[in-house]
Each structure stands twice: as C-alpha cells, then as structure tokens.
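Notes follow once the structure below has been shown.
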Amino acid sequence: MEKKMSKKLWFNILLFSLMGQVAWNVENMYFNTFLYNSVYEGTPEAVVDAFVPAYTAITWMVQLSAITAVLTTFIMGTLSDKMRNRKLFISGGYVAWGIITALFGFISKDNVSALLGITDEVKVLAITVWIVIIMDSIMTFMGSTSNDSAFNAWVTDVTIPAVRPKVEFAFSVLPVLAMGIVMGIGTFAQSGKISYSAFFICLGAFVTICGILGFFLIKEPEHKVIEKKEDSNYFKNLIYGFKPSVISENSRLYLALLALGFSSIATQVFFPLLLPYLQYVILPASEGINFLSAGTIIPVVISLIAAIGLLVLLLKLIKTNKKIAMYICIGVFTAALFALSFSHNIVTVIVSALPLLPAMLIFSIHIGACVRDFTPLGKAGVFQGVRMIFAVLLPMLIGPALGNLASKLSGLTYVTEYKEVLDVPSSEMFLYAAVVMVLAFIPMFFLAKKGFEVENTD
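Mapping the sequence shown onto the numbering used here, position 335 (from 1) lands on 329, and the numbers just tick up by one.
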C-alpha cells in the first residue's frame, strides 16, 4: 500500500475507473436502444409476434447480465487473489472488454442472414437477438473480471484508509463524466448521424487502448500476507465469504455491507422510475406555476442554502465524529425521501430533493470506504463477489420490485419507447424507499459501537 497517493497512482485509478464506467455506460444505456433501434427496426409486426417483442428481449438481456456479473465477480475475484496478479486480470480484461464492445458494431440481421445463409425473417431476428444477448453476457463477464473484481480489489490493495474517502469521491463523480461522454457520442448514433457500428468501435477502441496501457502502468502491490494452508484452496475460497466464522471475524465488514445494501435498495426503489415519474406525473402537475415568483424562488433558495450548509457540516463532522455524521446522513436521506412522497409539483420536489443530495453523497463515499477498510488483507478479490450481492444484486431485485408495487397504486399507465404499457410511478415509491433507508440505522448502530478505526498502514 502507498501511504501517500502518488500522481501515477491517481492517474491509474482515474483512468481505469473512467474507462470502466464508459464501457458500463455503453452496455447499460445503449445496448437496449441498439436492440430496439437497430435489430428490431423495420421488422414486420408479424415477425415480432412470432418471436418476442423488443422489451422482452431487453428484459432477458438485463437479467442474464446481472446474474453473469455476480457469478463472475465471485469466480474471477477469487482467482485474482489466488494468482496474486491483478494486472493480468485488469489489463487483459480491459483489452478483451473493448474488443467485444467493438464487435457489437458488426451485429446486424443482414450480417447474420448472409453469414448463416438464412432467409426466414423470424429465424434471422431470433438468432440476431440471441447473439446480442450472449455477447452482452460475454462483455459483462469481461467487465466484471477486469473492473468489478480485479480493479476494485487492486484499489483496495494499493490504498490506505486515510485516502479511501477521496478515492470513493472520485468513483462517485466519474460515472457522471462517463455518462456525459457516452451520451455525447451516443446521441449521434441514436439520431442516425453516425452508425451504431462506428459508435461501438470507437468506444471499444478506447477501452482496449486503456487495457494495453495497463500492462505498462499498473504496479502490483507487495503484500506481506501469510496465507494459511486452509485458505489456499480455490474452491473453498469461492464460499469463503459465507462461512459463519468469517462473518463473525469480519463483523464490521458485513455491517458496512448491510448498511450499503439498505441504501442501495432504497435508491433502486425510485431511481429507475424517476424520469417517467417526472415526465408523466410531476411536470403535468406543475403547469401554470410561475417559476419567477417569490413563492417559487424563495423556498428553492432556502433549500439550496440548507443543502450547502449540510454538505459543509458533514464534511467537517465526518473527520471528528464519523458516527454522528453517518447518523445525520441516514436521517436526512430518510426525511428527504419521506418529504418527496408528499411533493406533487416540481417546486416541492426540488425543495425536498436538494438536502438529499449531500446526505446521499457523503454516506455513499464513506460507507464505500468502510467496506474497503474492513476487507481482510489479501482477500480483496474474494470479497468483491460478496460486495456485489449487497451493492448490485439484492438492490436490483428488491428495489425495482418495491417501486413497481408502489406504482400499481396509481392506477395510471404510460407507454415506453419500447411500446410497453407500464404503470405511472406513484409518489408512494419514495415512502417505500424511506422505510427501507431507515433500516440502515440498525447495522450502522452496531458498526458505530464496534468502531470505525483501522490502521493506516499494512
């Protein structure tokens, strides 16, 4: 571990985090639209009816990808621990990740028809869709190998507790930058100004180049870990994180993961439905509001000042009393969600949401740092799969289900871009999220009792 973050280490962390987020954004944001706008474009309705509609294919792809991500992180994270070679998994994985992303540029019904000599439109559509789904899972395998497991484990290996909050802050900002990059280029693909082929090849090339650079830039940490004989078995290490003795020995890690899990579930209750909620519920209800009136500007300004003041308070308090700071984060997060459940126009939504942002930011940064701090030395790869369960799998399964349940109470529907009829999101989804978020107090209480302190060196 480096006691002080060197410029080279910062460069490597920022580069690989940014390019990893670019690749994930391409998959999460544009493979869906690629299926709908490219693969299904111009397909006769009778052909679609004979196979499956676009939104069903997208659902299959997302579900299979989520399962692949979690399983891969367990398998490859454990293997990277076993081999003590993060560089190979990160760099080699990024190279393959970029190549597979670029290969999406060559997937089309015409190419499938020509390659296999098939003219039946239903078969061509079915095979093309399944090629996209399978390739997406292969890409997820490479991304989870290189980024979710090896890169995240490497970051834990090369940092100390004192600098991890800064790293987690960077990790919270870079996805927004990556989204801007991908959307900036992707807009041209969606509008038809450039082809999806050029879009995927361009961004895939950037990820591959990043992987090649990694072979020269990444330095393996020098661990001083004495591996027990019983810990050297790869297959036993796959279930290492589920052993009662391991959970008991690393109770602070699992308490941090539980707190992370509750906050992630709470976020997933409303976040996937946020844009439709604003579009179909809040904006129509806000017609006629005078945004230049004192009754509109004053509460928004007051809320903004309160949010900035809260951010300053939390930044100061987190250094002197992390327990109280984390309690405040959970409390404000919960209260803001509760307020949003009673906010029915754009002004009250903004007023309620502004204080939520600093609470969410500080909590996610420091609970993420806690997870790294409490990960056993030399076992960072093994525990990446466990982290994925709490940070990704459970939130993606439970959160949207609760959000959809709340939406059914509205009794209204809207039509998605994939021609799928869905319920209009209900403001009660924020209330459901608040109930989940308040549960984070439980693991945080016990974690605070055990203490946040860790040594800053290896």
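In this text, a Cβ means the ideal position worked out from N, Cα and C, and glycines have one as well.
Neighbourhood of Asn284 by C-beta, 7 Å cutoff - its chain only, sequence neighbours within 5 removed: Thr290.
Other residues of its chain near Met23: CB distance less than 8 Å, five sequence neighbours each side excluded: Met173, Val176, Met177 and Gly180
Bounding residues of the beta strand (DSSP E) (the contiguous stretch that carries Thr407): Thr407 to Val409
Alpha-carbon spacing of Pro389 relative to Ala250, whole angstroms: 15 Å
Reduced DSSP secondary structure (H/G/I, E/B, other) of Asp114: DSSP places Asp114 in coil when its eight states are reduced to three.
Three CB pairs or more closer than 8 Å across the segment 256 to 263 and the segment 383 to 403: Between the segment 256 to 263 and the segment 383 to 403 there are three or more C-beta pairs closer than 8 Å, enough to call the two in contact.
Pair within 8 Å by beta-carbon distance, Phe83 and Thr134: no
Supposed close pair Ala44, Val116 - CB separation, criterion 8 Å: About 5 Å separates the beta carbon of Ala44 from that of Val116, a gap short enough to meet the 8 Å contact definition.
Short Cβ contact (8 Å threshold) for Val16 with Leu197: yes
Beta-ladder partner(s) of Asp417, from DSSP: Thr407
Residue of Ser32, Leu97, Ser0 and Thr50 minimising C-alpha distance to Ala199: Leu97
Residue range of the unbroken alpha helix (DSSP H) whose run includes Ala374: Ala374 to Met382
Three-state secondary structure assigned by DSSP to Ser245: DSSP places Ser245 in helix when its eight states are reduced to three.
Cβ-Cβ separation, Val41 to Leu109 (assumed contact under 8 Å), whole Å: That belief does not hold up - the Cβ atoms of Leu109 and Val41 are roughly 19 Å apart, past 8 Å.
Every unbroken alpha helix (DSSP H) inside the segment -2 to 75 [4 residues or more]: 1 to 19, 25 to 28 and 39 to 44
Per-residue DSSP class, three states only, for His338: coil
Between the CA atoms of Asp130 and Lys455 - distance to the nearest angstrom: With the chain covering -5 to 452 only, the question about residue 455 has no answer from this structure.
Spatial distance of Phe264 from Glu422 (CA atoms): Linking Phe264 to Glu422 through their CA atoms gives a straight-line distance of about 9 Å.
Candidates Phe332, Ser358, Phe357 and Arg366, of which the one nearest Phe424 by Cα: For the set Phe332, Ser358, Phe357 and Arg366, the Cα lying nearest the Cα of Phe424 is the one of Phe332.
Neighbour-count burial assignment, Pro38, 16 or more Cβ in a 10 Å radius: exposed
Three-way DSSP call (helix, strand, coil) for Ile454 in this model: In the structure as shown, the chain starts at -5 and stops at 452, and residue 454 therefore has no counterpart that could be examined.
Cβ distance (whole Å) where Gly205 is taken to contact Ser143 below 8 Å: Contact between Gly205 and Ser143 is ruled out by a C-beta separation of about 15 Å, above the 8 Å threshold.
Euclidean distance between Cα positions of Arg78 and Phe336: 52 Å
Per-residue DSSP class, three states only, for Ala434: In the three-state scheme derived from DSSP, where H, G and I count as helix and E and B as strand, Ala434 is classed as coil.
Rounded straight-line distance, which links the Cα of Leu351 to that of His360: 14 Å
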